[in-house]
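Novice: Below you will find the structure I want to go over with you.
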Amino acid sequence: ASCVQHRLVVRDASSLQLLQLYTCLDQIQYIEWSSDSLFILCALYKRGIVQVWSLEQPAWHCRIDEGSAGLVASCWSPDGRHILNTTEFHLRITVWSLCTKSVSYIKYPKACQQGVVFTKDGRYMAVAERRDCKDFISIFVCSNWQLLRHFDTETQDLCGIEWAPNGCVLAAWDTCLEYKVLLYSLDGRLLSSFRAYEWPLGVKAIAWSPSSQFLAIGSFDEKVRILNHVTWKKITELDHPATIASKKTIVYKEVEKSPTVDTERLSFPPTRELGSSLFSTQSKYDISQVPVSLQYVKPVADRANPKVGVGMLAFSADNCFLATKNDNIPNAVWIWDMRKLKLSVVLEQLGTIQCFQWDPCQPRLAVCTGTSRVYLWSPAGCVVVQVPGEGDFQIVSLSWHSSGDSMVLLSKDNFCVCYLEREEV
Amino acid sequence: MGDWKTITVPVLSSDSKNILSYTSERRISPTSMNSQVLRLSLPSSKNMHSFFSAFCTEENIEQRISYIDRELTTLGFPSIYAESKGKELNVISIINCMNELLALQHKNLRAQEEVEMQHMKLGSDMDHLQNCYAKLKDQLELSKREIVGLQERDRQLQSKNRNLHQLLKNEKDEVQKLQNIISSRATQYNHDMKRKEREYNKLKERLHQLVMNKKDKKIAMEILNCVGRADGKRGAWRTDKTEARNEEEMYKVLLSDYEQRQKQLLLENAELKKVLQQMKKDIISLLPPQKQRPKEKSEDGLVLSDQEEDIGELNKENMWELSCETVREQLTNSIRKQWRMLKNHVEKLDNQVSRGHSGALNEKDVVSREDHELEIEKLQLEIQQCKEMIKTQQQLLQQQLTCDDDTTLLLQDCYLLEERERLQEEWRLFREQKKNFEKERKSFTEAAIRLGLERKAFEEDRGAWLKHQFLTMTADCKSENATTPSAFLRSKYFVQNMFLHSSEPDVRLVKSASRQRKPHSVLSPPVSAETCQYIAQNSVASEKPAADNMPNLWVESDDKEETE
Chain A
1 ASCVQHRLVV RDASSLQLLQ LYTCLDQIQY IEWSSDSLFI LCALYKRGIV QVWSLEQPAW
61 HCRIDEGSAG LVASCWSPDG RHILNTTEFH LRITVWSLCT KSVSYIKYPK ACQQGVVFTK
121 DGRYMAVAER RDCKDFISIF VCSNWQLLRH FDTETQDLCG IEWAPNGCVL AAWDTCLEYK
181 VLLYSLDGRL LSSFRAYEWP LGVKAIAWSP SSQFLAIGSF DEKVRILNHV TWKKITELDH
241 PATIASKKTI VYKEVEKSPT VDTERLSFPP TRELGSSLFS TQSKYDISQV PVSLQYVKPV
301 ADRANPKVGV GMLAFSADNC FLATKNDNIP NAVWIWDMRK LKLSVVLEQL GTIQCFQWDP
361 CQPRLAVCTG TSRVYLWSPA GCVVVQVPGE GDFQIVSLSW HSSGDSMVLL SKDNFCVCYL
421 EREEV
Chain B
1 MGDWKTITVP VLSSDSKNIL SYTSERRISP TSMNSQVLRL SLPSSKNMHS FFSAFCTEEN
61 IEQRISYIDR ELTTLGFPSI YAESKGKELN VISIINCMNE LLALQHKNLR AQEEVEMQHM
121 KLGSDMDHLQ NCYAKLKDQL ELSKREIVGL QERDRQLQSK NRNLHQLLKN EKDEVQKLQN
181 IISSRATQYN HDMKRKEREY NKLKERLHQL VMNKKDKKIA MEILNCVGRA DGKRGAWRTD
241 KTEARNEEEM YKVLLSDYEQ RQKQLLLENA ELKKVLQQMK KDIISLLPPQ KQRPKEKSED
301 GLVLSDQEED IGELNKENMW ELSCETVREQ LTNSIRKQWR MLKNHVEKLD NQVSRGHSGA
361 LNEKDVVSRE DHELEIEKLQ LEIQQCKEMI KTQQQLLQQQ LTCDDDTTLL LQDCYLLEER
421 ERLQEEWRLF REQKKNFEKE RKSFTEAAIR LGLERKAFEE DRGAWLKHQF LTMTADCKSE
481 NATTPSAFLR SKYFVQNMFL HSSEPDVRLV KSASRQRKPH SVLSPPVSAE TCQYIAQNSV
541 ASEKPAADNM PNLWVESDDK EETE
């Protein structure tokens, strides 16, 4: 599904054939599929309206109007029948039910990076709240929206919460002025608290491993600390230095290939395709010899939220690899082997990394840097894929299909679907 | 008197001259004593002369003589007067006195020489010591200056050190101050933030009230028709029961998670225990057996009994179910013990190896290793050869087994033919060899006959020569009676020698020789006759080992001697 201005376009994933076309009242800011893929919600923040469309019955419609309360965020509940709207100024979260037309309110939600999280199995929802200058977490049962637990956290300013994939542990981390990660069990008990250091800037990003065995914490000191689920103590620190000296690390460097032009095939006037291929540069990967020094960007000292530290973390689906990005070495993706807890590969790109995502089925990483090329890495090697077409297609973000066979590449105005062939066995 | 004068004066003058010459030879040393002595002994010759002439003149000769006498007597010399009174001088005593005086003078001179030598030595020593003293003083001054310099440097460095310490302290203080500032500012910011947040909350509350109060119909949901629930069930009311059920479910979820984890941990534990057991067994098997290590016998025994106990215990009670502390500890302790023993063993082996390498048995080890390697190569070659042989044999066997009857018969016939041909060839060879042997035998017999003839001739010659010898000897013997026994003995020895040297002595011959006790004069011819007989017999005599007969010979000869 994609939206253009005020129209919602639904296409088939394998053939990109147009299936449905819906028109909304105003420009759509956010769309989301329901978990059973039967409904799509379109949020129009400016108007404060959420419109829901059904795929099975195109004639069915639903509109939720927040009115003067305003709308800041909207999302589905895991059962696909409730919509949670966050009103302006984070006054409250309204839970609208599509089955019963009933409304519930959650007061004092916290305005933070990740305030509402659902467990993987969709049973429980954790909401970060703030009352009287103190942080609280409320755990709700999603089936009937009953409050299960309500407890306070020892954080100064809760920045985000995240459920572990097994649904039993909730990780909460504090603002970047204070390094603190708290781990709560499902019933609200504090299992453990982790603090690496006191004064410098703290946690930037957090990721759970798919088996809930590890919690990776990326912080502003360019390190990733990994905690284990048995003792909740640090197993190891993964450092991101600008110079890689270890002989066991493979460094793939993206190198530009100058295009070869066949002078015979030049025709006048030059066709558009030829023109584009002349000016678009090809690139390929080269293996650089260790030691390699990566491009290092010194952060501006007196600005807030400096571009330092590990800002992006992602575990591979088979729990074997962890991909990280250190914001002051913005062109490199670091891939760590989780079994040995060592750096195995560094991908050095020509441009700044915009987004990377693991294939949900295999240990395959797709990276985009804002150029018209998507980079794929797997333990077998890495490859540069050029998006064919005219003009520049600058990939800003990408997203895998849940089967791992295709992925969507998004640029500012367009998107395209990249299909990956499965190897014939 | 006048004569005496003349005698005395020249002597004195000569003395004085001698004294002068003595003193003039010596070097002048600058001490006062010396100068005094010299002054005493170095008046000029002229003065000496005048002094001497002034001392005694014709007028005061009597006085002078008495003066000299007085001086001499005071010095212990005998008086120069002939008698106590009287004016006659005892020349002998004078001369003696003079001699004594001269001797004394010589002694004194020598003593003076020695003293002067010592004086010089002491003087040079003094010089030397003064030089040394001057040098040492210089050195002392230098070192004093150096010490002063070093002390200065030390002082400077210490002051620098103090300065640096001071700086460090200052820096530390600054750091501490900055930290305090930071913490105070942080608290300030927190306080401010809290204040702002409270204000913000108040605004929110106000806004909330306003929004709620508006009773806006706009806040509504417009929906075409209600959608069924995802799981098909109907909505339920919120009651206490539902709350309880929620709690239950939540705890169920947690419990199931814990149970899963515990199962995993149990499995892991069990596997690890298995691994540990295996490791223990392996370690025990690696350790050397009891025979080789008498020292560790007791330990091994203990260990074994321990192991047996462990196994017994663990087998009795299923180790899967047991996870109590004692069993776990036992297992780990026993493994630790085994591991320690293995480590010791390996260390000992290492020491042995290192000692062997560095010790005197170096060559032996090296050689033995080389031998070992050579042997290994040899064995490998042998193995290869055997394998090849086995392969060929197998092939042949297979051939035999898999062949048809016809082919086997044919093959057998072939083999028979082959064998027959081979036999024939061998027969031929054998016959050839036989012929060769016959030829050789013939030649050998001929050679033997020839040899016999030659020997016969040689013996005849020898006998003749001996006979000649005997005859000549007996001729000599007859002249001397005293020498006949010796001659007899000689002849006896001759005969013995002859027997010894011949390769075929005859026992009978010897015996017959002993029995025949004939007088010496007659002995020789019979002996010679015997020798002739002997020689004659020699040609036909059979070979007898000489060694056997030698002792007999000697025995017989002894008998012979005794009888004689």
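Quick mapping for you: the protein sequence lines, in order, are chains A and B. Residue numbering for the first sequence follows UniProt numbering, starting at 1 and increasing by one per position. Residue numbering for the second sequence follows UniProt numbering, starting at 1 and increasing by one per position. Glycine is no exception: its CB is placed at the ideal position from the N, C-alpha and C atoms.
Please report how far the alpha carbon of B:N201 lies from the alpha carbon of A:A111, in whole angstroms.
Specialist: Cα to Cα, B:N201 sits roughly 12 Å from A:A111.
Novice: One question on the structure: do residue 449 of chain A and A:R130 come within less than 8 Å of each other, judged by their Cβ atoms?
Specialist: What the structure shows of chain A is the stretch from 1 to 425, and residue 449 of chain A is not part of that stretch, so it cannot be assessed.
Novice: Which residues in chain A have a C-beta closer than 8 Å to the C-beta of B:H165? List them in chain order.
Specialist: In chain order: nothing, as chain A lies at least about 27 Å away.
Novice: Which chain A residues sit within Cβ distance under 9 Å of B:E222?
Specialist: Here the neighbours are H61, C62, R63, I64, D65.
Novice: Quickly, what does DSSP pair A:E162 with across the bridge? List them, please.
Specialist: Looking at the DSSP assignment, A:E162 forms a beta bridge with A:A171.
Novice: Is there a Cβ from chain B that is less than 8 Å from the Cβ of A:K110?
Specialist: So, not an interface residue.
Novice: Given that B:H208 touches chain A, what residues does it touch there, using C-beta distances under 8 Å?
Specialist: Within chain A, the residues near B:H208 are L91, R92.
Novice: Would a check of beta-carbon distances place A:G167 closer than 8 Å to chain B?
Specialist: Judged by the 8 Å Cβ criterion, A:G167 is in contact with chain B.
Novice: Mind listing, in chain order, the continuous beta strand (DSSP E) runs of no fewer than 3 residues lying wholly within the region 307 to 395 of chain A?
Specialist: As far as the region 307 to 395 of chain A is concerned, its whole beta strand (DSSP E) runs of at least 3 residues are 310 to 315, 321 to 326, 332 to 337, 342 to 348, 355 to 358, 365 to 368, 373 to 378, 381 to 386.
Novice: Measure the C-alpha to C-alpha separation of B:E141 and B:V115 and round it to an integer number of angstroms.
Specialist: For B:E141 and B:V115, the distance between alpha carbons rounds to 38 Å.
Novice: Using the beta-carbon count (16 or more within 10 Å), is A:W199 buried or exposed?
Specialist: Under this definition A:W199 is an exposed residue.
Novice: Taking the alpha-carbon positions, what's the B:R428 to B:L411 distance?
Specialist: Going from the Cα of B:R428 to the Cα of B:L411 covers about 26 Å.
Novice: Quick check on the DSSP output: the beta strand (DSSP E) that includes A:D121 runs from which residue to which?
Specialist: Per DSSP, A:D121 belongs to no beta strand (DSSP E) and is neither H nor E.
Novice: Comparing the C-beta of A:S144 with each C-beta of chain B, is any distance below 8 Å?
Specialist: Looking at the sequence provided, one finds Asn at residue 144 of chain A rather than Ser. Answer yes: the Cβ-Cβ gap between A:N144 and chain B drops below 8 Å somewhere.
Novice: What residues from chain A crowd round B:V175, counting only those whose CB sits closer than 8 Å?
Specialist: By Cβ distance, chain A contributes nothing, its closest Cβ being about 12 Å from B:V175, past 8 Å.
Novice: If you reduce the DSSP assignment to three classes, tell me which class A:N28 lands in.
Specialist: According to the sequence shown, residue 28 of chain A is Ile rather than Asn. Coil at A:I28, not helix or strand.
Novice: Check whether chain B comes within 8 Å of A:W76, counting only Cβ atoms and requiring the distance to be less than that.
Specialist: Taking Cβ atoms only, chain B never reaches closer than 8 Å to A:W76, which makes this a no.
Novice: For a test of the three-state rule: what should DSSP assign to B:K297, helix, strand or coil?
Specialist: Reliability of the predicted coordinates at B:K297 is poor, the pLDDT of 40 falling under 50, and the value obtained from them is presented with this limitation in mind. B:K297 falls in the helix class under three-state DSSP.
Novice: For the region 192 to 242 of chain A, which segments carrying the alpha helix (DSSP H) assignment without a break, of at least 4 residues, lie completely within its bounds, in sequence order?
Specialist: Listed in chain order, nothing qualifies, since the region 192 to 242 of chain A has no complete alpha helix (DSSP H) run of 4 or more residues.
Novice: Is residue 567 of chain B helix, strand or coil when you go by DSSP?
Specialist: The question about residue 567 of chain B has no answer, for chain B in this structure spans 1 to 564.
Novice: Of all the residues that make up the region 170 to 200 of chain A, which are near chain B by a beta-carbon distance shorter than 9 Å?
Specialist: Listed in sequence order: L177, S185, L186, D187, W199.
Novice: When burial is assigned at 16 or more other CB atoms within 10 Å of the CB, is A:D174 buried or exposed?
Specialist: Label assigned to A:D174: buried.
Novice: Name, please, each residue of chain A whose Cβ falls closer than 8 Å to the Cβ of B:E259.
Specialist: Near B:E259 there are no residues of chain A at all, since even the closest Cβ is about 12 Å away, more than 8 Å.
Novice: Inspect the beta-carbon positions of A:L191 and A:L201 and report whether they are closer than 8 Å.
Specialist: Result no, Cβ atoms of A:L191 and A:L201 do not sit closer than 8 Å.
Novice: Whole angstroms is fine: what's the gap from A:I64's alpha carbon to A:A43's?
Specialist: Answer to the nearest angstrom: the Cα atoms are 9 Å apart.
Novice: Going by C-alpha distance, which of A:D327, A:S2, A:F321, A:F89 is nearest B:V211?
Specialist: Nearest of A:D327, A:S2, A:F321, A:F89 to B:V211, Cα basis: A:F89.
Novice: So B:L254 contacts chain A; which residues on that side make the cut at Cβ distance below 8 Å?
Specialist: C168, S185, L186, D187, listed in chain order.
Novice: Fully enclosed by the region 51 to 119 of chain B, which beta strand (DSSP E) runs are 3 residues long or longer?
Specialist: Counting only runs of 3 or more, we get nothing.
Novice: What does the alpha-carbon distance come out to for the pair A:F315 and A:V387?
Specialist: If I take the Cα positions, the gap works out to 26 Å.
Novice: If you draw a straight line from the C-alpha of B:L168 to the C-alpha of A:Y179, how long is it?
Specialist: Between B:L168 and A:Y179, the C-alpha separation is close to 30 Å.
Novice: Give the DSSP bridge partners of A:D135, in chain order.
Specialist: BP columns for A:D135 point to A:R130.
Novice: If you reduce the DSSP assignment to three classes, tell me which class A:L186 lands in.
Specialist: A:L186: coil per DSSP, three-state reduction.
Novice: Beta-carbon separation of A:S399 and A:V385 under 8 Å?
Specialist: Not a contact, by the Cβ cut-off of 8 Å.
Novice: Compare the Cα-Cα distances from B:V62 to each of B:I80, B:T74, B:L75 and report the closest residue.
Specialist: The sequence given here places Glu at residue 62 of chain B; Val does not occur at that position. The candidate whose alpha carbon is nearest that of B:E62 is B:I80.
Novice: Got a sec: is the Cβ-Cβ distance from A:V95 to anything in chain B below 8 Å?
Specialist: No, because no Cβ of chain B sits closer than 8 Å to the Cβ of A:V95.
Novice: What residue ranges within the region 373 to 401 of chain B form continuous beta strand (DSSP E) runs of no fewer than 3 residues, ordered along the chain?
Specialist: Fully enclosed beta strand (DSSP E) runs of 3 or longer: not present.
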